[in-house]
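Heads up: the structure comes next, in C-alpha cells.
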Amino acid sequence: MPKKSKREASIERMGEVMREFMARAVLFQDAVARHGGINSTDMQAVSLLMSEGPATPGELAERTGLTAGGAITAVVDRLERAGYVTRERDAKDRRKVIVTARVETVLEKVGPIYGRVGQRWADYLATLDDEQIEFANELFARAAEVNREEIELLRES
C-alpha cells in the first residue's frame, strides 16, 4: 500500500476531527438542555424559535422535522410547562396559535453556559490572524450548509 501524501493524511485527519466535533457538539447541546431542565430536542426547538422567530406549531414542526403525530404538541407542552415558550392566539387569525420563545428564561437557565463558552472561543479567536478567522468562517459556514442539505435529503426520503 503506497504511503499517503501529507495532503491525503491531512484530509483524512480533517474527517476525523469533523466527526469528533459534530459528536461533541451534539453531546454538549444535550448536556446544556439537561442542565436547563429540558431535553435536547426541546432545546433545539427553542433555539429555532429564537433564531427564526415565533411560529405556529405546524411551522415549528417543519423547522424541527417533528412531523409525526402529535410530537410537536408534546414539545410545545413541555417547553411551556418549563417556562421556555408562550402560546398565544394570533391577533389576525384567532384559529392560529403562535409559539414564542421566552428569551429571558433561556438566558436565565442556560445563558451563563453559552456566555462561558463564547468567552473561551473569543479568547481563542483573538490568537488568530484575520486570514485564519476568514478561513474558519468559511469552513463552518460550508459545514452548516452541507448539514442543512443533508437534513433536507433525509427528510425527503
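Going left to right, the sequence shown walks through residues 0 to 156 as numbering that gives the first Met the number 0 numbers them. No residue lacks a Cβ here, since even glycine has one placed at the ideal position from N, Cα and C.
- Excluding residues up to 5 positions away in sequence, Ile97, Val98, Thr99 and Ala100 lie with their Cβ nearer than 8 Å to the Cβ of Pro53 in the same chain.
- C-alpha of Thr63 to C-alpha of Lys3: approximately 41 Å in a straight line.
- For Pro56, the closest C-alpha among the options Ile37, Ser50 and Asp76 is that of Asp76.
- A straight-line Cα-Cα distance of about 19 Å links Leu152 and Leu59.
- For Thr104, the closest alpha carbon among the candidates Arg154, Thr40, Ile71 and Ser46 is that of Ser46.
- For the set Asn136, Val145 and Glu51, the Cα lying nearest the Cα of Val102 is the one of Glu51.
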